Each structure stands twice: as C-alpha cells, then as structure tokens.
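Trainee: Under our numbering, the first residue of the sequence shown carries the number -19, and numbering increases by one thereafter.
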Amino acid sequence: MKLVFVIHQYFPQCHSGTEQYCRAVAREATRRGHEVTILALDPWVWRDDPPLWLRDEPYEGLSTLRLRHWEGLSANDVLLDGHNPIVAHKVADVLADVRPDAVHVFHLRRLGADLIDAARAHARRVVVSLTDFWFLCPRFTLQKRDGSLCEGPPDGGLGCLRCEFEDLAPMADDPAIAGALRAVAAGVDHSPHRRDPAARAIAVLRRKNELLARLLRAHAVIAPSRFLAAMFQKNGFPAERLQVLPYGLEPGRVQRLPVTRPRRPLSVGFAGVLSPWKAPHVLVRAALRVRGELRVAIHGRTEEGMFQAYIDAMRRDAASDPRISFPGAFDQTRVSEVMAGLDLLVVPSLWYENTPFVVLEAFAAGVPVAVSALGGLTEVVDPGVNGFTFPAGDVDALAALLQRLVDDASPLAGLHPTTVSSIASNVEVFEPLWRG
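1) Express the C-alpha separation of Ile403 and Thr10 in angstroms, rounding to a whole number.
2) Taking 8 Å as the cut-off, decide whether the C-beta atoms of Arg100 and Arg194 are in contact.
3) For a minimum of 3 consecutive residues, which ranges assigned as the beta strand (DSSP E) are wholly contained in the segment -3 to 22?
4) Can you tell me whether His63 is buried or exposed? The criterion is at least 16 other CB atoms within 10 Å of its CB, across all chains shown.
5) Can you tell which of Pro328, Thr399, Ser405 and Glu408 has its C-alpha closest to the C-alpha of Ala377?
6) What separation, rounded to the nearest whole angstrom, lies between the Cα atoms of Thr358 and Asn334?
7) Closest to Leu325 by C-alpha separation, out of Glu341, Tyr1 and Leu32, would be which residue?
8) Per the DSSP calculation, Tyr(-14) is bridged to which residue(s)?
9) Measure from the alpha carbon of Ala393 to the alpha carbon of each residue in Ala156, Pro242, Glu283 and Ala266, then state which is nearest.
10) In chain order, what residues of the same chain have a beta carbon less than 6 Å from the beta carbon of Gln235, not counting five sequence neighbours either side?
11) Could you pull the DSSP bridge partners for Ile304 from this structure?
12) Taking the alpha carbon of Glu220 as the point to measure from, which residue in Arg233, Met(-19), Ala209 and Phe115 has its own alpha carbon closest?
13) Give the DSSP-derived three-state secondary structure of Asp36 in the structure shown.
14) Spatial neighbours of Leu268 within its chain, please: C-beta separation below 6 Å, excluding the five flanking residues on both sides.
15) Let's see if you can read the secondary structure: which residues bound the alpha helix (DSSP H) around Thr358?
16) Compare the C-alpha of Phe250 against each of Pro363, Arg175 and Pro348 and name the closest.
17) Below 8 Å on the Cβ atoms is my guess for Ala203 versus Leu141; work out the distance and round it to an integer in Å.
18) Under three-state DSSP, which class holds Ala367?
19) Compare the beta carbon distance of Ala72 and His102 with 8 Å and say whether it is the shorter of the two.
20) What does the Cβ neighbour count give for Lys188, buried or exposed, with the cut at 16 atoms within 10 Å?
21) Can you tell me which of the three DSSP states Phe217 falls into?
22) Over what stretch of residues does the beta strand (DSSP E) that includes Leu381 continue unbroken?
23) Span of the alpha helix (DSSP H) holding Arg490?
24) Under a three-way DSSP split, which group does His69 fall into?
25) Can you give the beta carbon distance from Ala20 to Tyr(-10), rounded, assuming they're within the 8 Å contact cut?
26) Look up Phe250 in the DSSP assignment and give the residues it is bridged to.
27) Is Gly373 closer than 8 Å to Leu330 when the C-beta atoms are compared?
28) Give me the Cα-Cα distance between Pro397 and Ala160, rounded to the nearest whole angstrom.
29) Pull up the distance between the alpha-carbon of Phe115 and that of Phe207, whole angstroms please.
30) May I ask which residues mark the beginning and end of the alpha helix (DSSP H) holding Gln288?
31) Based on Cα-Cα distance, which residue from Glu40, Asp22 and Ser(-4) lies nearest to Val16?
32) Among Arg186, Val107, Gly(-3) and Ala266, which one has its Cα closest to the Cα of Ala380?
33) Beta strand (DSSP E) containing His49: first to last residue?
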C-alpha cells in the first residue's frame, strides 16, 4: 500500500515520543513492503521564508516532505487548530499527487484538523493515532497555567481563555460578556475572517467540539492508553469509535546488557525533555533530601530555549550536591548503555502521561521504574511487581522511597520489568485499518 504519515514535527530536529513512534511505524511498514511518505510540518519559520513552502528532504531513506507556513496567514489565529485552509489545500495537492491508499495522522498541531477532510478526499482510509490531548486542550497537556490538572475545557471553554489566552481572559471574567460569548458560540459561525478579540474568544469556545467533529471523520481512531481513551469519552467522543493499542518498540531498539543490580551507590536517573510538566525538578528536590550513597543523573538537553529559565533554576538547586549530574541528552544508539547504568528510572511527570517511551525502554533494558501515579503511567506500572508509584509532585514521598532504597536496595532485586509489545504487533493492527 501507499501510505502518507502526517505529523506536526519530525527528525532530525525533533525527536520526542510522537516522532519516535511515527518513525518506528514507518520503518516497520516499509519493512513489510509498503511505500511510506512522511509529511511533516517544519515548525521553525525563518524571516526570509516565503509564506508557504514544501520541500522533499528525504530522511533515513524515506520520502519526507517538509512544510512551513506563516501562522499569520489566517485572520483568526485561534481557528488554525480546526480551520487552516491554506495548509489544507497545499496538503490536498500533495495527496492528489501521491494518491495514497491510506493517510495515518500522528499529530496535527499547527497543521489543522481540517487535514482529516483533505485526507478523506484523496485516500480510501484515514487513521488517527492520538498521542496527547491536543484535540481537547489548546495546551495539549490538560494542564492549567498554574500547573494544576484539567479534564477538558472548563466552563464551556471560558476556562481556556483564562488559561491559554491571557489577552482574552478579562472577557471570561465579565458575566455579561461571557454570557454573550456563550450564546454566539452556540450559533452559526460568522467569524473565520475576523481578527477581533470577540471572534478569537468565540473560536476558543467552539474549539473542542469542532476538533472532535473533525476527528469523527477519521475511519479509525487509536489511543495508546485506556486513560487517554476515557478522557476523550468524558469529553463527548463516542467510546465505540476508539480503539486502545499500547505502544510497541522496534526490535533491537534496546538491549538488556549484563549488569548486576542494585549497586552502591544507588544509581537513579531521569531521561526526557527537561520541561516543567515532565518535572525532573521533583527528582532533584527529592534527591537533595536523601542521605547516603546515591547518584542521580538527569538526562536531557540543558540548552532548551522554551524551558531555559526552568532548567537553569533546577541546576542551581542541584549545584550544592555533587551526587546530582546533568550529562545532557543521548541519542538512540546509547539507550542500552544509559539504561545499563541505572538501578531505577524515575518518571515524575505532573501531567497526564500516556505511556512514555522511556518507560518501555527501561522495561526492555530490565530497569525498574518509579512513576507518578497519574494518567496512563498507572496502567503500565504495577507497584511491587515492576516498579513503584508515588503521588504526582510529592517530593516528600519520592524522597522517602529513595531513602528506603538507599538504606536497603533489596526490594529492587525482587522487581520484574514487564515484557514490552513490539512495533510489529502495532503494525499488524494498523494494516487492516489502512486497507479497510
């Protein structure tokens, strides 16, 4: 089959979990004889770029089409998530040229959910893999500005004005204006070409329902965790339209190297993006409270513009303790080596994670994990069997766990990391969905 995979960013510049999964599925599909084209947004727009461009920049042997566009092409920036006609028309031209049997969508941030309609017009089948909460939440994390958790647009979407659109927040706090916005948002949309605050606010209130309506146009919708599926159901997406399929790993991605665990000092690590919602600072603060022989490595890029102030503050907190290090990010070829150096991987996330690939990599490497008791993490970690859980953000609880293991690491020896599904098993599920 001819397949087009659509994603909001891609290798080599971007390599978080969604990109890793898209690449793994593409590799396995190619191995099985399918012809795969990656269609990826390039999110970095430069001053001298034209308003819209598309280039074929092959990567790892796959045709990889890179799309850039000015976000200012739309009069109403909020509408871009669901209505981005300039990009949709360009993608439609690509699909008309490629003539795929199926389009598999991995993420549509900054591309627009109307790409699903464009895909339906040019392919027999459209499959969407949900990897976060973007269809429900403008921030995609279901986390409010103050870091507290959310279960979907509060107060009919007015809460999203307060959370994500500071310039529109006063409208949500004025009862008369808020009531008028609700009334207009429930009617016919006459605002796609307006840029005024009221039009933008109405678009925010309509966002979730409009994006979910677009999502319903897909032939198949896949969730990687029961938790994510349940959250979409809670927000009105039909349960019968969702299929749960946990992530799989590529064969050979991680090797279980021969090491003796646990060691002295106890070796604990974090691996991932150093962002406030991934929350490595929780591990740093917990480690500072632990007495005894402990080594903590925080793996991740320490030069990260969006999160630089957060990273710098965390490193200042850790500077007084030589047991805590920041060795930087590592590429895929070093995963086995890094995991072999750990007795315990800590995933202290403050948002509703699904199944971070780093947890699956740890299991494949034979490393137990300690995770926040939040979201899909609780589906893969069974306390006392393959790891530990602790309340999200609870520095004291994590410190107490680490202190117990520093004092007596024998509980680690009794843990048995879970066998991880393969990417081949995922593609075996996808193939009939692509074929229809």
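Where a beta carbon is used, it is the ideal one built from N, C-alpha and C, also for glycine. None of the values given here were measured: they were computed from a predicted structure.
Mentor: Per the coordinate set shown:
1) Position 30 of the sequence shown, counting from 1, holds the residue named residue 10. Position 423 of the sequence shown, counting from 1, holds the residue named residue 403. Each residue's alpha carbon lies about 12 Å from the other.
2) For this step, residue 100 is matched to residue 120 along the sequence shown. For this step, residue 194 is matched to residue 214 along the sequence shown. Going by C-beta atoms, Arg100 is not nearer than 8 Å to Arg194.
3) 15 to 21
4) Start at 1 with the first residue of the sequence shown, and residue 63 comes out as number 83. So His63 ends up on the buried side.
5) One-based indexing of the sequence shown puts residue 377 at position 397. Measuring from the Cα of Ala377, the nearest candidate turns out to be Pro328.
6) For the purposes of this step, residue 358 is identified with residue 378 of the sequence shown, where counting begins at 1. For the purposes of this step, residue 334 is identified with residue 354 of the sequence shown, where counting begins at 1. Near 9 Å, if we compare the C-alpha coordinates of Asn334 and Thr358.
7) Here residue 325 refers to the residue found at position 345 of the sequence shown. Checked all of Glu341, Tyr1 and Leu32; the closest Cα to Leu325 is Glu341.
8) Here the question's residue -14 lines up with position 6 in the sequence shown. Rather than Tyr, the amino acid found at residue -14 in this sequence is Val. Its beta-bridge partners are Leu19 and Val85.
9) Along the sequence shown, one-based indexing puts residue 393 at 413. For Ala393, the nearest C-alpha among the options comes from Pro242.
10) Position 255 of the sequence shown, counting from 1, holds the residue named residue 235. For Gln235, where only same-chain residues beyond five positions count, the Cβ hits under 6 Å are Ser316.
11) Taking the first residue of the sequence shown as 1, we reach residue 304 at position 324. Paired residue(s): Val276.
12) Position 240 of the sequence shown, counted from the first residue, corresponds to residue 220. It is Ala209 whose Cα lies nearest to the Cα of Glu220.
13) The count along the sequence shown starts at 1 and reaches residue 36 at position 56. Asp36 falls in the strand class under three-state DSSP.
14) On the sequence shown, position 288 is the one that residue 268 refers to. Hits under 6 Å: Asp301.
15) Translated into positions along the sequence shown, residue 358 becomes position 378. Looking at the DSSP string, the run of the alpha helix (DSSP H) that includes Thr358 is Leu357 to Val360.
16) Start at 1 with the first residue of the sequence shown, and residue 250 comes out as number 270. Measuring from the Cα of Phe250, the nearest candidate turns out to be Pro348.
17) Taking the sequence shown and counting its residues from 1, the one referred to as residue 203 is at position 223. Taking the sequence shown and counting its residues from 1, the one referred to as residue 141 is at position 161. So it is not a contact: roughly 28 Å between Cβ atoms.
18) As a working mapping, residue 367 is identified with position 387 in the sequence shown. The sequence shown places Gly at residue 367, rather than the Ala named in the question. Looking at Gly367 - three-state DSSP - the assignment turns out to be strand.
19) Taking the first residue of the sequence shown as 1, we reach residue 72 at position 92. Taking the first residue of the sequence shown as 1, we reach residue 102 at position 122. The answer is yes: Cβ separation under 8 Å.
20) As a position in the sequence shown, residue 188 is number 208, starting the count at 1. Buried, since its Cβ has 16 or more Cβ neighbours within 10 Å.
21) The residue you call residue 217 lines up with position 237 of the sequence shown. Correct three-state label for Phe217: coil.
22) Sequence index remark: in the sequence shown, residue 381 carries index 401 (1-based). Unbroken run through Leu381 is the alpha helix (DSSP H), Val375 to Asp387; no beta strand (DSSP E).
23) Residue 490 is absent from the structure shown; the chain starts at -19 and stops at 416.
24) Taking the sequence shown and counting its residues from 1, one reaches residue 69 at position 89. Reduced to three states, the DSSP call for His69 is helix.
25) Numbered from its first residue, the sequence shown carries residue 20 at position 40. Numbered from its first residue, the sequence shown carries residue -10 at position 10. With a Cβ gap of about 4 Å, Ala20 and Tyr(-10) count as contacting.
26) Position 270 of the sequence shown, counting from 1, holds the residue named residue 250. DSSP lists Ile278 as partners of Phe250.
27) Within the sequence shown, the letter at position 350 stands for residue 330. Within the sequence shown, the letter at position 393 stands for residue 373. A contact, by the Cβ cut-off of 8 Å.
28) The residue you call residue 397 lines up with position 417 of the sequence shown. The residue you call residue 160 lines up with position 180 of the sequence shown. Roughly 54 Å between the two C-alpha positions.
29) Here residue 115 is taken as the residue at index 135 of the sequence shown, counted from 1. Here residue 207 is taken as the residue at index 227 of the sequence shown, counted from 1. Taking the straight line from one Cα to the other gives about 15 Å.
30) Taking the first residue of the sequence shown as position 1, residue 288 is located at position 308. That run of the alpha helix (DSSP H) goes Gln288 to Ala298.
31) In the sequence shown, the residue the question calls residue 16 occupies position 36. Answer by Cα proximity: Glu40.
32) As a working note, residue 380 is residue 400 in the sequence shown. Measuring from the Cα of Ala380, the nearest candidate turns out to be Ala266.
33) Within the sequence shown, residue 49 is the residue found at index 69, counting from 1. Where His49 is concerned, the enclosing beta strand (DSSP E) stretches over Ser43 to His49.
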